[in-house]
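First the structure, in the form of structure tokens, and then the observations on it.
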Amino acid sequence: MTTPVLVIGIGNPFRSDDRAGLEVAWQLKHRGNERLKVLEVASNPLTLLDLWKGHDEVLLVDAVSSKSKPGTFQIINAVQQTIPAGLFNTSTHNMSVAEAIEMARNLNQLPKQMLVYGIEGKNFQFGEVLSPQVNEAIEKVVHHILNHIH
Amino acid sequence: MTNKKDGTKIIKVDTLARVEGEGGLYIKVKDNAVQEVRLKIFEPPRFFEAFLRDRDFREVPDITARICGICPVAYQMSSVHAMEDALGVKVEGPLRDLRRLLYCGEWIESHVLHIFMLHAPDFLGYEDAIKMAKDHGEIVERGLKLKKAGNDLMIKIGGREIHPINVRVGGFYKVFKKQQLNDLVEQFKWARDAALETVRWTAKLPFQEFEQDYEFVALRHPDEYPFNEGRLVSSKGLDIDISQFDQHFEEEHVEHSNALHSVLKERGAYFVGPMARFNLNFDQLSPIAKEAAKQAGLPGICKNPFKSIIIRSVEVLYACDEALRILENYEMPDPPFIEIEPKAGTGFACTEAPRGILYHRYTIDDAGKVLDAQIVPPTSQNQKTIENDLWHFVAKYLDLSDEKLTWQCEQAIRNYDPCISCATHFLKLEMDRE
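In order, the protein sequence lines correspond to chains R and Y.
Counting in this note's numbering, the first sequence runs from 28 upward without gaps.
Counting in this note's numbering, the second sequence runs from 30 upward without gaps.
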């Protein structure tokens, strides 16, 4: 049996569209697929380096804010290109997802293959409700991931 | 930095990097003399003391933990000790040891983050730890693994690595059998070795010459390096019970900061944190930590804040050693907490957060509702000292290039590992009614 593809959904469940990555993870878990292993990260992206240790293929899913149309999503091949620094939520308390990936690159700890799905959010205020456009995007990303592994 | 025609030089950093929270720096120099220094804290106030009022005393450890994502254990420890003081309860034996063990986890997690990710890049000339990792991969990896040991200890004892959920007034919600902690013993044997290597590594960093006549303030306990208990002492003769804190210290509002400045009523600015603890408690360090400090060139007293990175690493070594000692002698507390009935009273506590003393005072009523709360975090206590350092540092090093001087001013602030989010927890409302 081949090693499962690791999907990590990232986000803050209490910041509206920022929960997009977690929603993708929950839906994938709910559907169940033996070729996938699904994890969630709600804080401290530096833990990603430990989580993906030993996995050859990793898919990260997170909400982004890049002034694109809400509900669109982009896929970045993190092994081939640098992640733009301002793409993901940044904080003075923690490293951002982009910084954690760049840290892993400099420490030679990136998985062999890694795609980063960035879902453009609209509302990052306190709340647990997704914008309708983001809700649609989540469905598309779930399908994309399921197609990708087949 | 800008240089004006009239000889005025302005050092300005709009947003400080590699500190917790949001702050900036403004320094004005005219005719080779420093005219103005402002550590500007613009992170908004967070109203914690006000919204603690009317809450049940049992809720306070979990509410105050939210003040900080880096040092939540400090808030939990200061609040449980203050509540127990108000209620006339003393937590001792295995429960007390378990609290100390949890605090070790927080010191390791917080100090290691600061040493490797926030402070070391200053000494080695990198913009951040990510760039530093390219050339010093092995060292950064050691830092990440060491931090993980602290995180794992927090997860095991506290339930999770940030904002632990297992602490309660009187003890813990859940305690562990000795064999459940066995994995940590092996991990901490490695961590202690890694911490020793870290002391040796930090000792070799290049240090700016800079010493001041500080008043160091820390807890002092007769039998141990301080975490949770002790008298409050200083290098200039202060020696008080925690209940006398308000008689000796006061908080002032300054216009350029959303965080109050805390001063000693008699003498003004003072210094809290690892360097104060170390200078006032060197004799209480364990043999391995004491020896490592001596070999690092710090035989007991250090007055150069740039060397605080060495002292933080000595404290990481101590915390690993202390965690191992507690783990190896561990006895499961039974019961996991002391049952406490509410009664009216006022309680005081001070514990040693990674950045220095954290003072809590609560008054509760017969039903255990909070009537009044006061919290003085370490960063507000260090603010004045940080500004004083900048006055003297800039005056001494005016001949440095503009770029280097600005960088080193930022480094001088990072010497204190300031936590701006903690410092702005307060609410000071002044209203004029006519």
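Ideal Cβ placement from N, Cα and C applies to all residues, glycine included.
Source: prediction; values computed, not measured.
In the structure shown, residue 263/Y adopts extended strand secondary structure according to DSSP, grouped into three states.
Boundaries of the beta strand (DSSP E) harbouring residue 377/Y: 374-382, taken from the DSSP string.
Between residue 301/Y and residue 179/Y, the C-beta spacing is not below 8 Å. DSSP, read as helix, strand or coil, puts residue 32/Y in strand.
Rounded to whole angstroms, the separation of the alpha carbons of residue 418/Y and residue 37/Y is 20 Å. Boundaries of the beta strand (DSSP E) harbouring residue 100/R: 100-104, taken from the DSSP string. DSSP places residue 53/Y inside the beta strand (DSSP E), whose first and last residues are 52-59. Counting along the chain, residue 144/Y sits inside no beta strand (DSSP E), nor does DSSP assign it H or E at all. The beta carbon of residue 283/Y sits closer than 7 Å to the beta carbons of 290 from its chain, once the five residues preceding and following it are set aside; these are given in chain order. Counting only the Cα atoms, residue 116/Y lies some 10 Å from residue 199/Y.
The C-beta separation of residue 55/R from residue 66/R comes to about 10 Å, leaving the pair out of contact by the 8 Å criterion.
In the displayed model, residue 52/R falls within a helix according to three-state DSSP. The beta-carbon of residue 382/Y is placed no less than 8 Å from the nearest beta-carbon of chain R. Excluding sequence positions up to five before and after residue 314/Y, its CB lies within less than 6 Å of the CB of 254 and 347, all in the same chain and listed in chain order. Chain-ordered, the chain Y residues with CB closer than 8 Å to the CB of residue 130/R read 158, 159, 162 and 169.
In this structure, DSSP gives residue 29/R a state outside helix and strand, which the three-state scheme calls coil.
Note on geometry: alpha-carbon atoms of residue 94/R and residue 158/R lie some 15 Å from one another.
Taken in chain order, the members of the segment 58-81 of chain R whose beta-carbon sits within less than 9 Å of a beta-carbon on chain Y are 70, 71, 73, 74, 76 and 77. A Cβ of chain Y is located within less than 8 Å of the beta carbon of residue 126/R. About 6 Å separates the CB atoms of residue 38/R and residue 89/R; that is less than 8 Å, so the two are in contact.
For residue 179/Y, no chain R residue has a C-beta closer than 8 Å to its own C-beta; the minimum C-beta separation is roughly 12 Å. Relative to the Cα of residue 95/Y, the nearest Cα in the group 442/Y, 191/Y and 175/Y belongs to 191/Y. For residue 87/R, the uninterrupted beta strand (DSSP E) run begins and ends at 84-91, by DSSP. Our two residues, residue 109/Y and residue 369/Y, have alpha carbons roughly 12 Å apart in a direct line. Under DSSP, residue 149/Y takes part in no beta bridge, so it has no partner.
For the C-beta of residue 166/Y, the chain R residues within less than 8 Å are, from N- to C-terminus, 133, 134 and 135. Shortest Cα-Cα distance from residue 214/Y to any of 160/Y, 297/Y, 60/Y and 349/Y involves 349/Y.
Taking a beta-carbon distance threshold of 8 Å, residue 173/Y counts as an interface residue toward chain R.
Annotation for residue 278/Y: the continuous beta strand (DSSP E) segment containing it runs 278-281.
Residue 164/Y: member of the alpha helix (DSSP H) spanning 158-164, first to last residue.
For the options 251/Y, 65/Y, 246/Y and 256/Y, the alpha carbon positioned closest to that of residue 129/Y is the one of 256/Y. In the three-state scheme derived from DSSP, where H, G and I count as helix and E and B as strand, residue 67/R is classed as strand. Rounded to the nearest whole angstrom, the CA to CA distance from residue 429/Y to residue 415/Y is 20 Å. At a cut-off of 8 Å between beta-carbon atoms, residue 191/Y makes contact with chain R.
Counting only residues of its own chain and dropping the five nearest sequence neighbours on each side, residue 60/Y has a CB closer than 6 Å to the CB of 36. Beta-bridge partners assigned by DSSP to residue 145/R: 89/R and 101/R.
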